[in-house]
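Read the structure below first, then the notes.
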Amino acid sequence: MPQNLANTASKKPVWAISYERYHIQPNIHLPDFNSSLIDLLESRLWQFADRNAYISGQQTLSYHELDCQSKIVANYLQSQGFQTGERIGIMLPNLLHYPIIALGIVRAGMVLVSVNPIHTERELVHQLKDSGIKALFLLDKFQNHLTKITDQLPCLEQVIICQDSDFMGYFANQLSSLVNIGFGVQLQQNLTWFSKKQKLIKRVYFCQLKKHSHNHTYEKPNLTLADVVLVQYTGGTTGVARGAMLTHGNIIANILQIDNLLRSAYDECDDDVDVVLSALPLYHVFSFSICCMLLIYRGFCGLLIVNPRNVNSIIDALAQHPASFILGVNTLFHALLQQRRFRKLDFSHLKATIGGGMAILPKIAHTWQHITGTPIVEGYGLSETAPVVAFNPLTIASFTNKIGIPAPATDVKIINDAEQEVPIGERGEIVVKGPQVMKGYQNLPNETEQSFTKNGYLRTGDIGIMDERGFIKVVDRKKDMILVSGFNVYPNEIEAVMLEHPDVVECVAIGIPSALRGEEPKIFVVKSNPLLSEKALIEFGRQNLTGYKRPRHVAFVDSLPKSAVGKILRHELRKREGLI
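First residue of the sequence shown? That's 0 in numbering that gives the first Met the number 0, and the numbers climb one at a time after it.
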């Protein structure tokens, strides 16, 4: 029997009045426990078979093709002896391959691990080793990035190579610019085998999967809502990325929660296919949840952008395929608004602009509404919550500068250090309980336990205020995390890397405001060599950290502010920068 999940609060929550005002259903109905995402999404593939699921450049992928191609991927993985629950990675930008492979992994009964293709070698080793990935789908242009670290990956058995020629070669120019942004990735076209000390890692081409599995018959796996389907890596308090284990039930719950939001605002019309701009990378949980999972459930069409840094390519795509929904972060909205061509686009089809991943600046939001005629509807979520926790109603008249009200079937509290709920209007840590909350962190039972309150609420680490209508405003971060273009960056990870430089004695990182990225890392350095330059340190960061983690600003100091016990006082550095 379907599970009817009412809001988990023991008494009528303060946001109930807002649910009534905006016609949002407070409950969701999860399917039978002995079911999975496969059951939920397969029926949609068949229902929308004649529609386009994705568009990329001049290439399209129908729901029928998505169904057939993803089943080939699933059958191949099963034919290779990979078992239900084993980890399979995707290390790709937004290509047509991505939804096919993601859905194929799910249909195989295995666990998807999203890997940022622009990770440094150090970051890749940690994530691939920690997750225990058995097979990795990889773009051919990133092969050399992997060859240097294969000896450190004992679990990796196979690499499946994806090429731009798999889909008529449209992506060649876009991919070249993406690869050469400056992440230290070198092109290598003629690699034959990945070698390890004791064995070879099998390499197969994506276009050959059907041939390699034609003697095997696909078997639908037996799964439940409690089985893990996605390991989404997010920054850790120690600076080491943690894998949030999300179950089939977590993802389904979030799909239904967002669907409730859509149903509250728009009448369904089977004749109209809504186009969703999918510029944010699908390896980011915000994009994956909406531009892949929800998109398939609703029968939408995703407008895939291979390289979101190429703003002109986004504008070209929007000019040819006007979007019903634009999903983005503050950085993307700002970049688009700087282009005259964007301001001249036809926005008559635009139903809503959804912002998340980082705070939306009011100035950007107001300009956006002036140009497009629609407000930016801000939401809030975490990798640990699949990701949506709260959202603004889609029918708001203007930008609220708040993260919205809790999602259906979700209980949010604002608590003090004693884990007691604070009165309305007072500050405290935002904690959340609901069906979308993760199972835990992979391989980290202690951190998992510490991430929840005694009453089972997930700690977000964010400080917020809730008003009398249930709308929440984030006012600070309990953690020292820096939020760069929607990505979590932890200062101690930057510091650990920069301290590897032989001329750096001490280093502290903080986030400073950036009109473009929301925040940017700035490091304060005590150096041993007077000849050490800002340019040299920035270059060192470029070689050892992913782009959004790199220090953009360097300040040399004689000493760092510390407490009596030697703890570095970050807030004193923030004061110096005028941030407090």
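Glycine residues also receive a C-beta, built at the ideal position from the N, C-alpha and C atoms. Please read all numbers here as calculations on a predicted model, not as lab measurements.
- Message: Would the segment 37 to 52 count as touching the segment 64 to 72 if we require 3 or more Cβ pairs under 8 Å?
- Response: Cβ pair count under 8 Å is three or more, so yes.
Once the 5 residues before and after P540 are set aside, which same chain residues still bring their CB inside 6 Å of it?
A small fix is needed here, since residue 540 is Gly in this sequence, not Pro. Setting aside the 5 residues that flank it on each side, G540 is surrounded in the same chain by R549 and P550, each with a C-beta closer than 6 Å to its C-beta; the list follows chain order.
**Prompt:** Are I304 and N329 close, meaning C-beta to C-beta below 7 Å?
**Reply:** Their beta carbons are not under 7 Å apart, which means I304 does not touch N329 by this criterion.
Any idea if N189 is buried or exposed, counting beta-carbon neighbours within 10 angstroms, 16 or more meaning buried? The pLDDT assigned to N189 is 36, lower than 50, so where the model puts this residue is not dependable, and the model offers no usable value.
Margin query: Going by beta-carbon coordinates alone, are L40 and I295 separated by less than 7 Å?
Written below: With respect to I295, L40 sits close: the two C-beta atoms are nearer than 7 Å.
Checklist entry - Under three-state DSSP, which class holds H125? => result Looking at H125 - three-state DSSP - the assignment turns out to be helix.
Pick from L536, L544 and G469 that is closest to E492, judged by C-alpha positions: Looking only at L536, L544 and G469, the smallest Cα-Cα distance to E492 is reached by L544.
- Task: From the DSSP output, in three-state form, read off S176 for me.
- Result: The predicted model places S176 with a pLDDT of 46, which falls under 50 and marks its position as unreliable; any figure quoted below should be read in that light. In the structure shown, S176 sits in a helix (DSSP, three-state: H, G or I).
task: For C580, count neighbouring C-beta atoms within 10 Å of its own C-beta (all shown protein chains included) and say buried if the count is 16 or more, exposed if not.
output: Because the chain here runs from 0 to 579, residue 580 falls outside it and cannot be looked at.
Other residues of its chain near T246: CB distance less than 7 Å, five sequence neighbours each side excluded: The answer, listed in chain order, is L224, A225, D226, V227, V228 and K438.
Can you name the start and end residues of the alpha helix (DSSP H) that K70 belongs to? Counted as a single uninterrupted DSSP element, the alpha helix (DSSP H) harbouring K70 occupies residues Y62 to S78.
Q.
Here's the rule: buried if 16 or more other CB atoms are within 10 angstroms of the residue's CB, otherwise exposed. What is H333?
A. H333 counts as buried, since at least 16 other C-beta atoms from the protein chains shown sit within 10 angstroms of its C-beta.
message = Taking 7 Å as the threshold (C-beta atoms), are L302 and S277 in contact?
response = Yes, the Cβ-Cβ distance between S277 and L302 is below 7 Å.
With distance defined between alpha-carbon atoms, name the residue in P560, R516, V72 and N528 nearest to R308.
The shortest Cα separation from R308 among P560, R516, V72 and N528 belongs to R516.
Between which two residues does the beta strand (DSSP E) containing R458 stretch?
For R458, the enclosing beta strand (DSSP E) starts and ends at L457 to M465.
Using C-beta distances below 6 Å, list every residue in its chain close to L336, excluding the 5 sequence neighbours before and after it, in chain order.
Excluding sequence neighbours, L336 sits near T366.
**Asked** With respect to the beta strand (DSSP E) encompassing Y204, which residues constitute its N-terminal and C-terminal limits?
**Response** From DSSP, the beta strand (DSSP E) with Y204 extends over L199 to Y204.
ask   = Name the DSSP beta bridge partners of T149, please?
value = None; T149 has no bridge partner.
Open item on the list: Is it buried or exposed, D129, if we count other Cβ atoms within 10 angstroms and call 16 or more buried?
Closed with: Under this definition D129 is a buried residue.
Taking contact to mean at least 3 C-beta pairs separated by less than 8 Å, is the segment 427 to 436 in contact with the segment 375 to 385?
Enough Cβ pairs lie closer than 8 Å, so yes.
Is I464 near V507, with beta carbons less than 7 Å apart? Pairing I464 with V507 gives a Cβ-Cβ distance that is not under 7 Å.
Between the Cα of D150 and the Cα atoms of V112, Q162, I200 and L260, which residue gives the shortest distance? Answer by Cα proximity: I200.
Which residues in the same chain have their Cβ closer than 6 Å to the Cβ of P560, if we skip the five residues on either side of it in sequence?
Correct list, in chain order: L568 and E571.
Suppose you measure from the CA of K401 to the CA of E518; what does that come to, to the nearest Å? A direct Cα-Cα distance of roughly 18 Å separates K401 from E518.
message = Only counting the same chain, and skipping five residues up and downstream in sequence, which positions put a Cβ closer than 7 Å to that of I420?
response = The displayed chain sequence assigns Glu, not Ile, to residue 420. K412, I413 and I414.
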